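Counting in our numbering, the sequence shown runs from 300 upward without gaps. For each residue, glycine too, the CB sits at the ideal point set by N, CA and C. For clarity, every value in this text was computed on a predicted model and none was experimentally measured.
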Amino acid sequence: MGNIILRPGWHIKESAATPHSFYKNRRSFIKSLGLGAIGLATTTNLACAGDRARTAEVNGTTQPRPQPNGPLDTIPANATRVGYPAARNGAFSVSERPESGRLVASSYNNFYEFDASTKRVWPLTADYDPFPWEIEVSGMVEAPQTFDLDALIRSMDLEERLYRFRCVEAWSMTIPWTGFPLAKLIERCNPLSSATFVKFTSVNRPQQMPGIRNQPWYDWPYYEALRIDEAMNEVAFVATGLYGEPLTKQNGAPLRLVLPWKYGYKGPKAVTKIEFFDRQPGTFWNDLQPGEYGFLSNVNPNIPHPRWSQATERFLLDENTQQRIETKLFNGYGEWVGNLYPNEPRDPSGPIIR
Ligand SMILES: Nc1nc2c(c(=O)[nH]1)N[C@H]1C(S)=C(S)[C@@H](COP(=O)(O)O)O[C@H]1N2
Ligand SMILES: [Mo]
């Protein structure tokens, strides 16, 4: 795995490296070897299954599955549209920079289940068919249950929030998300009072997601976790849409978390499982590269990533325009979340912790 990836056109290569690139450290290398033997046997089968998935029965004949025409042609056909467009919640305005264009937000993405080596994942999403969708709730709850997503969305008051979005790779956007507070969903899960952490697991569909089939060295499915007090914070959001319409597949359809004070990878896409614990669960990136990705992962210009600075970011306005701007502590959400983190370094001379 090379860690420098050249991108065509305006997709300039990242400053030092592709930050989420997978370093073959000893442990992961051994792991990928272990999977390799199985991988060899199963890739062939999965490739066939993939070919089947790329065709569809139409009037009794098998037709090739149509590829999306563009990055906005990937909203699932049967997505829930009740409640759209939702009224904007004015409490979360972003005054110092404009909203990013819809096209860049849906054509410059990280969604490794489709491909880790490119931001242009939308052309790879044709086989992914999220609806109907269920969310399984288990662990330290009063009673395990399963939510049907369509019913869940219809039962929530959808709102729109314009949020800053900051990837650990030091690019950023400003995105209007549609959805509801994560606290509302947590409440409906009825966690026990002794539960202190919540884990979210993304969908695992190798037949529909080429990145899962072709990159067996990752520990699929993607998983993330929060402390309960973080999950209950007013800013923590469940997005079911963006720019007034349901989520495109590449933006995490049919639902994903948006935690704007944390680096983007803390917000899993295509969430299908929620579990409650009284101990800190592992997370995808922290388990893979603990020296580079911490559990908290709050946006903090005072804590450099081991391989690059986090003091500034590349703000993407649209497909052709970007600007270097300063990164804000907690990405500008300190007013809401600052009291959750008494030990977060507040100034550049403070301790460096991850
Ligand atoms: N399941 C899953 N969730 C994910 C990722 C992923 O690869 N798989 N990438 C993360 C990263 S690194 C970022 S920056 C954001 C990107 O969200 P966006 O493409 O909608 O901007 O999704 C996060 N959630
Ligand atoms: Mo990211």
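For Lys498, the enclosing beta strand (DSSP E) starts and ends at Phe496 to Ser501.
Those residues that have a beta carbon less than 5 Å away from any non-hydrogen atom of ligand 1 are, in order along the chain, Asn408, Asn409, Phe410, Tyr411, Cys466, Ser501, Tyr521, Asn550, Gly563, Tyr564, Pro567 and Lys568. Secondary structure note for Val570: its beta strand (DSSP E) is the uninterrupted segment Val570 to Phe576. Bridge partners of Trp476 according to DSSP: Arg460 and Leu541.
Along the segment 399 to 469, the beta strand (DSSP E) occurs as fully enclosed runs of 3 or more residues at 433 to 438, 444 to 447 and 458 to 465, listed in sequence order.
Exclusion of the five residues before and after Pro370 leaves Leu402, Ser405, Ser406, Trp421, Thr547 and Gln549 as the residues of its chain whose Cβ lies within less than 8 Å of its Cβ. In this structure, DSSP gives Arg387 an extended state, which the three-state scheme calls strand.
Counting only residues of its own chain and dropping the five nearest sequence neighbours on each side, Phe446 has a CB closer than 6 Å to the CB of Ile434.
A Cβ-Cβ distance of about 17 Å is found for the pair Ala385 and Ala552, leaving them out of contact under the 8 Å criterion. Around Met531, the same chain offers Ala482 and Ile485 as residues with beta carbons nearer than 7 Å, after the five sequence neighbours per side are excluded. Looking at the backbone, the Cα of Thr620 and that of Ser399 are separated by about 10 Å. When secondary structure is reduced to three states using DSSP, Val381 falls in the coil class, being assigned neither helix nor strand. A Cβ-Cβ distance of about 18 Å is found for the pair Val436 and Pro429, leaving them out of contact under the 8 Å criterion. Residues Thr379 of the same chain have their beta carbon placed closer than 6 Å to that of Asp449, with the five preceding and five following residues left out of the count. Taking all protein chains shown into account, Ser454 has fewer than 16 neighbouring C-beta atoms within 10 Å of its C-beta and is therefore exposed. For Gly389, the number of other beta carbons within 10 angstroms of its own is below 16, and it is reported as exposed. Contact between the segment 455 to 468 and the segment 498 to 506 is absent, with fewer than three C-beta pairs closer than 8 Å. Checking the 7 Å criterion, the Cβ of Glu459 is out of range of every heavy atom belonging to ligand 2.
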